[in-house]
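In our numbering, the protein residues as written are 8 to 135. Where a beta carbon is used, it is the ideal one built from N, C-alpha and C, also for glycine. Because the structure is a prediction, the values reported are computed rather than measured.
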């Protein structure tokens with residue numbers, strides 16, 4: 008049996024709480040930075056025209072979401088007295104992101120990329 012106020016391995020339950028909260032905060036911080044960078048890398052590798060436009064739209068949408076999300080989530084939790092609505096709201100956002108990402112990938116593959124020149128087709132440089 009586990010004594011009251013203790014958890015597995017004999018550590019106090021508050022120690023486990025802080026350990027997991029610290030791990031989640033670290034993962035969230037690292038994941039946020041990686042997500043922002045990976046969006047830019049994916050856009051640059053998939054699109055070959057108007058890179059500045061699409062990178063600007065992606066950064067603007069990200070900034071807008073980061074500014075609206077805390078207030079919207081706090082309002083839905085406070086107004087509806089529960090965590091179900093924010094969960095469904097985030098789920099719908101994830102599905103919408105998946106749909107948009109799939110369409111961007113389809114559009115990018117439909118764009119024709121000029122084939123690279125092989126070494127035989129390149130004009131040799133005169134060294135004389």
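Judged by DSSP in its simplified three-state form, residue 36 adopts helix. The straight-line gap separating the alpha-carbon atoms of residue 50 and residue 27 is approximately 34 Å. Separation of residue 53 and residue 35 (C-alpha to C-alpha, rounded to the nearest whole angstrom) is 26 Å.
Each residue's CA atom was taken as its position, placing residue 45 and residue 86 some 35 Å apart. In this structure, the alpha-carbon of residue 72 lies about 20 Å from that of residue 110.
Judged by DSSP in its simplified three-state form, residue 54 adopts coil rather than helix or strand.
Contact between residue 83 and residue 92 is confirmed by a C-beta separation of about 5 Å, below the 8 Å threshold. In terms of Cβ geometry, residue 43 and residue 69 form a close pair [threshold 8 Å].
In this structure, the beta-carbon distance from residue 62 to residue 47 falls below 8 Å. Cα atoms of residue 98 and residue 106: separation of roughly 13 Å, rounded to the nearest angstrom.
A check of alpha carbon separations from residue 114 across 55, 104, 33, 38 identifies 55 as the nearest.
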